[in-house]
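Beneath this line is the structure, given in structure tokens, with notes to follow.
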Amino acid sequence: MERDKMNVLDLFSGCGGFSQGFIDAGFNVLLGVDHDQAALKTYKYNHKESDVLEADLSQESIIEEIENKVKSNPIDVVIGGPPCQGFSLTGSRDINDTRNSLYLAVVRAVKRFQPKAFVIENVQGIATLYNGTVKQRIINTFEDMGYNVSVTDKPLLAADYGVPQMRKRMFFIGVKKGYGTFEFPKPTHTPENYVTSEQAIGDLPSRVEELGEEIDSYSSVPLSPYQEVFRGTTDVLHNHVASKHTDKVKWVISQVPEGGNHKDLPQGVGESRKFNEAWTRYHSKKPSKTIDTGHRNHFHYKYNRVPTVRENARLQSFKDDFVFKGTRTQQNRQVGNAVPPLLSFNLASALKDHLEGVAAFKTPPKDSVVN
Ligand SMILES: C[S@@+](CC[C@H](N)C(=O)[O-])C[C@H]1O[C@@H](n2cnc3c(N)ncnc32)[C@H](O)[C@@H]1O
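Going by the working numbering, the residue at position 231 of the sequence shown is 229; the numbering climbs one at a time, nothing skipped.
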């Protein structure tokens, strides 16, 4: 039977940012696997066509459960963002001791399902971890399994692909030998036309006081092309609840200029937090800093509060119709952990073009056969 879409398995799926980009690019995501129940609730709510599996991917036997879930469907692409702790090579810090490396869950899935391609996302530090040994080990492992692995010299910058955020991440993209070598897509944006924080979230109501209400309405029309697109298909605003800060915290934040941080505070103010990212205020005319999992060190460029879940989701390129489930702490974790869907979409589209391009040569159309 001809299939019109390629199937994807998403390991360490979280709430499904990585999956979302693949779905938008025209893939069929069969299954998302994670051990975080709240993240999977969000995943299922937003990806109604996909199944989910709550499982600990450090367990080798989980591959059987995955197989039961996907049944006899072929897996064309395995994607996965194993958490970076997975590379900490626990115990002796011996580079050869990879028993606890969570990325091995991706290795096992690729071995079992023999996909045409795989995509692994990780933090930028993976490139230099153990002097690059971990990066090379990942490449060698998959090359030995019959894949041509492409990695960029430098991490990809999300802002280069239209995401209003300076997030840097490494991607390993392998295609099965016989399917050529994947080339990373060229950036769609340059620093001159990066999408700014204001262009991303400037239309969202201030919510300076906590209302405790999860659903809200827009108070203005979209004010930028980005907002126009990223409102998605919803008329109500979800996950846009402001955090309450003490008067003292608000007073400290009020003294940080746009784009500034603790170094811009007068002496004696905000002394409790002095590390790199402390008291960082976004700049309205620049992309945001990397959205974290809710550390409460980053502040709105205009309001004296941390961004809401919805504002961070916008800065991560989630559309407003993507609703986050769980407590606010869990929602922030899901948003901060995610691969920006727009960055994922750019990679997924290029991978789809690549695989389809090769497939077209492998199976010539019937009417091109000359008798
Ligand atoms: C960086 S996040 C992945 C985000 C996801 N790719 C996205 O785009 O939304 C890593 C995920 O790994 C999950 N995780 C960590 N250890 C795990 C384990 N042992 N088994 C299954 N999932 C695990 C976490 O719950 C988290 O959702």
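Cβ coordinates follow ideal geometry from the N, Cα and C atoms, glycine included.
Top-ranked residue by Cα proximity to residue i, from the options
i, options, result
"Gly324", "His236, Asp262 and Tyr301", "His236"
"Val371", "Leu55, Val267, Ile289 and Phe170", "There is simply no residue 371 to check, as the chain begins at -1 and stops at 369 in what is shown."
"Arg165", "Ile199, Gln122 and Pro113", "Gln122"
"Leu154", "Phe25, Asn274 and Phe169", "Phe169"
"Ala336", "Phe320, Leu349 and His238", "Phe320"
Under the three-state DSSP convention, the category residue i falls into
i, result
"Thr278", "strand"
"Tyr192", "coil"
"Gln314", "coil"
"Val75", "strand"
"Asn237", "coil"
"Gln134", "helix"
"Asp49", "strand"
"Ser90", "Unreliable placement is indicated for Ser90, whose pLDDT of 39 sits below 50; no coordinate value is reported for it."
Residue span of the beta strand (DSSP E) that contains residue i, given as start and end
i, result
"Lys174", "Lys166 to Lys174"
"Gly30", "Asn26 to Asp32"
"Asn129", "No beta strand (DSSP E) contains Asn129, which DSSP labels as neither H nor E."
"Ile64", "Note, Ile64: premise wrong, no beta strand (DSSP E); alpha helix (DSSP H) at Ile60 to Val68."
"Ala115", "Ala115 to Val121"
"Asn146", "Tyr145 to Val149"
Distance, residue j Cα to residue i Cα
i, j, result
"Lys184", "Val117", "17 Å"
"Phe297", "Val356", "46 Å"
"Ile93", "Asn66", "Summary for Ile93: the model assigns pLDDT 46, below 50, so the residue's position carries little reliability, and this model does not support an answer."
"Asp245", "Ile251", "10 Å"
"Val219", "Pro203", "11 Å"
"Pro189", "Gly160", "10 Å"
"Lys3", "Gln265", "59 Å"
"Arg271", "Val6", "43 Å"
"Ala389", "Ser48", "Outside the modelled stretch of the chain, which goes from -1 to 369, sits residue 389, for which no answer is possible."
"Arg167", "Asp214", "33 Å"
"Lys152", "Gln197", "27 Å"
"Cys13", "His33", "11 Å"
"Val448", "Val108", "Residue numbering for the chain in the displayed model covers -1 to 369; residue 448 lies beyond these limits and cannot be assessed."
"Phe359", "Asp351", "13 Å"
"Ser347", "Glu354", "10 Å"
Pair within 8 Å by beta-carbon distance, residue i and residue j
i, j, result
"Ile171", "Ser148", "yes"
"Leu263", "Trp249", "no"
"Asp318", "Arg308", "yes"
"Ala157", "Tyr192", "yes"
"Leu55", "Glu63", "no"
"Phe20", "Ser342", "yes"
"Asn146", "Thr186", "no"
8 Å Cβ cutoff, residue i in contact with chain C
i, result
"Arg205", "Among the chains of the structure shown, chain C does not appear; only one protein chain is present."
Enclosing alpha helix (DSSP H) for residue i [first to last residue]
i, result
"Ala346", "Pro339 to Lys360"
"Ala103", "Tyr101 to Phe111"
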